[in-house]
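Residue numbers (this note's numbering), protein chains in the order written: chain A, 49 to 280; chain B, 5 to 114.
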Amino acid sequence: MSEHQATSGVLDPLAHQFDDLEQQHEASYFGMWIFLATEIMFFGGMFAGYTIYRHEYFSAFEAGSRLLDWRFGAANTAVLICSSLTMALAVRAAQMGQRKALITFLLLTIVLGMAFLGIKFTFEWTRDWHEHIVPGINFAPQGETLKQLQDAKVALPHVELFMFFYFAMTGFHALHMIVGIGLLTVLTIMANQGRFSPQRFNPVEGSGLYWHFVDIVWIFLFPLLYLIGGTH
Amino acid sequence: MSGHIVPQKTYFTIFAILIGLTVLTTWVASVHIEPPWNTWVALAIAVCKATLVILFFMHVKYTSNLTRIAVVAGFFWLAILLTLTLSDILTRTWIPPSTAWQTTTVVSPR
């Protein structure tokens, strides 16, 4: 069957190195998880660093956490969970060969991803800049913020270290989101060309895994950065 | 081979639980729980959320044992990283640094 298709010029859903479609699907899914294991280690290093200094400068990290606006974090968590739902539905549409639904859900996921970045860059990081809590380049808490930190009796360099972790971790997370949006854009174009079928939708599924993984990273970042100081 | 097709209802149920847990973790942060226990509660909720995403959105519930090993191995490696690091950091103060050297008579060089 596959020989006939290969010679007839129709795109063969089965690459020649695989015995059958099931093996091909399994290999693609398995390979993506191996890649995600390296991603776990990538973010894991930062989480480990965070854990060490969270332990060393316990109250400074809590005071630093209170400088962030948890409402932005909570809103972005909701946006990301919505985008994970639309991504899961996109993969489902691809599995069932529903091209229109696939394109719609991919576009919805892209829009939600951009909403996340919009909230983060335009509202949150701008606010942090005006509050003078950007480590390295603009760290000089003033007024209410400074008083809050003095009342908590914490050393400013320790709070700055927390802000370093905040910007590094959410920054790398945002970078992953941008890569994800790029992948989804390519998928949308490919879907529009009718390149996916119930026999071959592996790129959609693989990108979906990546998107959900980035969501999981945020699920941990949200409480560890925004909530450890309490919102009361 | 299109793999296992998960019913739409399952996705929406998981979505609702995830939103519910997000509300819960945000609400819990407004209640005073003595640190560091507030962090442990937040982490427990985060682990639940991550598990739901992995099992249902990422289809690990419906996959082969081979892939499951890869998934578990990824997190197991992370556990090694955290455990071995903390086994150093957390135990440094257990044994006070030796002061014996200070009491010995030091013969100055020359």
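Each residue gets a CB set at the ideal place from its N, CA and C atoms; glycine is no exception.
To the nearest angstrom, report how far apart residue i and residue j are at their CA atoms.
i, j, result
"residue 171 of chain A", "residue 147 of chain A", "35 Å"
"residue 49 of chain B", "residue 269 of chain A", "12 Å"
"residue 275 of chain A", "residue 68 of chain A", "49 Å"
"residue 124 of chain A", "residue 142 of chain A", "27 Å"
"residue 90 of chain B", "residue 99 of chain A", "8 Å"
"residue 231 of chain A", "residue 195 of chain A", "45 Å"
"residue 174 of chain A", "residue 272 of chain A", "21 Å"
"residue 73 of chain A", "residue 191 of chain A", "58 Å"
"residue 112 of chain A", "residue 13 of chain B", "41 Å"
"residue 7 of chain B", "residue 44 of chain B", "37 Å"
"residue 104 of chain B", "residue 88 of chain B", "29 Å"
"residue 53 of chain A", "residue 64 of chain A", "Residue placement at residue 53 of chain A cannot be trusted, given a pLDDT of 45 that sits under 50; what the coordinates show is reported in the next sentence. Cα-Cα distance, rounded: 12 Å."
"residue 39 of chain B", "residue 240 of chain A", "52 Å"
"residue 189 of chain A", "residue 176 of chain A", "10 Å"
"residue 86 of chain B", "residue 103 of chain A", "13 Å"
"residue 106 of chain B", "residue 113 of chain B", "16 Å"
"residue 185 of chain A", "residue 101 of chain B", "38 Å"
"residue 98 of chain B", "residue 36 of chain B", "30 Å"
"residue 156 of chain A", "residue 179 of chain A", "33 Å"
"residue 96 of chain B", "residue 71 of chain A", "50 Å"
"residue 251 of chain A", "residue 193 of chain A", "47 Å"
"residue 128 of chain A", "residue 22 of chain B", "11 Å"
"residue 75 of chain A", "residue 28 of chain B", "38 Å"
"residue 66 of chain A", "residue 32 of chain B", "50 Å"
Using alpha carbons as the reference points, say which of the options lies closest to residue i.
i, options, result
"residue 74 of chain B", "A:87, A:166, A:212 and A:202", "A:87"
"residue 114 of chain A", "A:211, A:169, A:129 and A:156", "A:211"
"residue 153 of chain A", "A:80, A:256, A:178 and A:81", "A:256"
"residue 201 of chain A", "A:95, A:110 and A:98", "A:110"
"residue 93 of chain B", "A:181, A:239, A:97 and A:189", "A:97"
"residue 253 of chain A", "B:76, B:63 and B:85", "B:63"
"residue 120 of chain A", "B:7, B:100 and B:30", "B:30"
"residue 181 of chain A", "A:199, A:157 and A:206", "A:206"
"residue 292 of chain A", "A:244, A:189 and A:228", "This structure does not reach residue 292 of chain A, given that chain A is present from 49 up to 280, and the question cannot be answered."
"residue 130 of chain A", "B:100, B:26 and B:81", "B:26"
"residue 198 of chain A", "A:185, A:247, A:220 and A:108", "A:108"
"residue 267 of chain A", "B:58, B:41 and B:36", "B:58"
"residue 158 of chain A", "A:118, A:183, A:186 and A:234", "A:234"
"residue 167 of chain A", "A:82, A:251 and A:118", "A:118"
"residue 126 of chain A", "B:10, B:20 and B:11", "B:20"
"residue 24 of chain B", "A:122, A:178, A:116 and A:138", "A:122"
"residue 11 of chain B", "A:137, A:71 and A:116", "A:137"
"residue 116 of chain A", "A:156, A:213 and A:155", "A:213"
"residue 51 of chain B", "B:79, B:36 and B:37", "B:79"
"residue 76 of chain B", "A:82, A:156, A:178 and A:128", "A:82"
Three-state secondary structure (DSSP) at residue i?
i, result
"residue 127 of chain A", "helix"
"residue 68 of chain B", "coil"
"residue 140 of chain A", "helix"
"residue 19 of chain B", "helix"
"residue 99 of chain B", "coil"
"residue 182 of chain A", "strand"
"residue 55 of chain A", "Any reading at residue 55 of chain A needs caution, since the residue's pLDDT is 46, under 50, leaving its predicted position unreliable; the model's value is listed next. Reduced to three states, the DSSP call for residue 55 of chain A is helix."
"residue 187 of chain A", "strand"
"residue 119 of chain A", "helix"
"residue 243 of chain A", "coil"
If residue i and residue j are in contact, beta carbons under 8 Å, what's the gap, nearest whole angstrom?
i, j, result
"residue 71 of chain B", "residue 105 of chain A", "Going by Cβ atoms, the distance from residue 71 of chain B to residue 105 of chain A rounds to 40 Å, so no, they are not a contact pair."
"residue 225 of chain A", "residue 164 of chain A", "6 Å"
"residue 217 of chain A", "residue 94 of chain A", "5 Å"
"residue 133 of chain A", "residue 66 of chain B", "About 17 Å; that fails the 8 Å criterion."
"residue 61 of chain A", "residue 248 of chain A", "4 Å"
"residue 140 of chain A", "residue 9 of chain B", "6 Å"
Taking a contact to mean a Cβ-Cβ separation below 9 Å, would you say residue i touches residue j in this structure?
i, j, result
"residue 258 of chain A", "residue 150 of chain A", "no"
"residue 34 of chain B", "residue 278 of chain A", "yes"
"residue 264 of chain A", "residue 53 of chain B", "yes"
"residue 101 of chain A", "residue 209 of chain A", "yes"
"residue 47 of chain B", "residue 18 of chain B", "no"
"residue 61 of chain B", "residue 80 of chain A", "no"
"residue 246 of chain A", "residue 161 of chain A", "no"
"residue 183 of chain A", "residue 220 of chain A", "no"
"residue 81 of chain B", "residue 92 of chain A", "yes"
Below 8 Å on C-beta distance, what does residue i contact in chain D?
i, result
"residue 66 of chain B", "Structure shown: chain D not included; protein chains present are A and B."
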